[in-house]
Amino acid sequence: RELKQQRIKADVALRTQNEELVKINRELDSFVYSVSHNLRAPLMSVLGLLNIVKKEDEENSNRYVHYFNMMQQSIMKLDDTLKEILDYSRNARNELQLAVVDIQALLDDGFERLKYLEGSDQLRKQVNITSDCELVSDAGRLNIILNNLISNAIKYRDENKECFLRINVSITVTHATIIFEDNGIGISNEFQEKVFNMFFRATEKSEGAGLGLYIVKEAIDKLGGTIEMKSTFGQGTQFTMRIINHKSF
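All residue numbers for the sequence shown refer to this note's numbering, where the first residue is 9 and numbers rise by one.
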């Protein structure tokens with residue numbers, strides 16, 4: 009009888025600890041999201057003011073353009089980090105929000121959002137979508153995935169050749185297959201097993217916190233999908249994603 013009471017007490021204590029842990033994790037997620045979101049607003053204001061001053065300097069002597077560019081790059085790196093933290097928080101804390109998804113619209117939105125990145129206008133983008141039916145998935149998570157991969161194709165382009173990004177999407181009643189292929193700088197064999205690790209940064213070009221592809225993998229896991237990467241250093245990279253089409257459920 010005494011042993012039974014001890015077990016009951018232990019179960020109650022364990023349940024209480026688990027509830028406290030869930031509460032702490034929820035509050036931490038909320039804190040990270042709130043702080044990251046609130047920091048981005050003034051950061052964008054500073055970036056806007058910097059662009060105005062840059063234009064005024066260009067109209068005069070270009071005396072400070074080098075320093076303005078350095079400041080702009082630093083601000084954009086910080087913004088990349090904050091965006092990664094926000095994406096991580098959204099993916100971790102939000103339940104699946106299933107609805108009909110317009111992949112073309114998501115891609116167009118991604119290209120528009122990321123056109124400010126240096127080299128975006130140098131990347132030739134080709135999109136091909138074939139569909140047997142509508143795609144039902146989580147638009148928010150797909151947006152995170154697509155934006156990260158578009159951003160990578162721009163940032164890690166090979167400046168010594170004409171750059172392209174080919175995106176092929178095939179939608180069936182059960183699945184959607186999304187393939188991103190570029191002819192950028194590629195990834196060395198020694199780093200390929202680590203690209204989906206948290207905080208991993210493969211090159212000196214890497215910006216942000218090194219969460220991008222980790223978040224992509226986590227978001228795809230939430231969608232019940234898979235992602236594979238093939239890359240040849242100096243030639244380019246291909247990502248193949250396969251996610252569930254919830255229209256069949």
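Cβ atoms here follow ideal geometry from the backbone N, Cα and C, with glycine treated the same way. The structure displayed is predicted, hence computed values, not measured ones.
Is it true that the CB of residue 184 sits closer than 9 Å to the CB of residue 95?
Not closer than 9 Å, so no.
Measure the beta-carbon distance from residue 152 to residue 125 and round it to whole angstroms, keeping in mind my assumption that it falls under 8 Å.
In fact, because the Cβ distance is near 17 Å, the residues do not count as touching under 8 Å.
Just how far apart, CA to CA, sit residue 147 and residue 236?
The alpha-carbon atoms of residue 147 and residue 236 are separated by roughly 21 Å.
Please list the terminal residues of the continuous alpha helix (DSSP H) segment that includes residue 189.
It is not in any alpha helix (DSSP H) - residue 189 instead sits in the beta strand (DSSP E) that spans 183-190.
Any alpha helix (DSSP H) of 4 or more consecutive residues that is wholly inside the stretch 87-139:
Within the stretch 87-139, the complete alpha helix (DSSP H) runs of at least 4 residues are 111-121.
Anticipated Cβ contact below 8 Å, residue 149 with residue 99, distance rounded
With 8 Å as the limit, residue 149 and residue 99 qualify as a contact, their Cβ atoms being about 6 Å apart.
Report the three-state DSSP secondary structure of residue 204 (helix, strand or coil).
Coil.
Residue burial classification, residue 5 (beta-carbon count within 10 angstroms, cutoff 16):
Because the chain spans 9 through 257 in this model, residue 5 falls outside it and cannot be assessed.
I need the straight-line Cα distance from residue 255 to residue 55, nearest angstrom please.
Each residue's alpha carbon lies about 42 Å from the other.
Please state if the CB of residue 166 and the CB of residue 197 are separated by a distance shorter than 9 Å.
With respect to residue 166, residue 197 sits apart: the two C-beta atoms are not nearer than 9 Å.
Give the single residue among 11, 89, 70 whose Cα lies nearest to the Cα of residue 156.
The shortest C-alpha separation from residue 156 is found at 89.
For residue 252, list the residues DSSP reports as bridge partners.
183.
Per the contact definition of three or more C-beta pairs closer than 8 Å, is the stretch 68-86 in contact with the stretch 24-34?
Result no; under three Cβ-Cβ pairs closer than 8 Å.
On a CA-only basis, which of 144, 14, 77, 176 is nearest residue 138? Give me that one, please.
Nearest option by C-alpha distance: 176.
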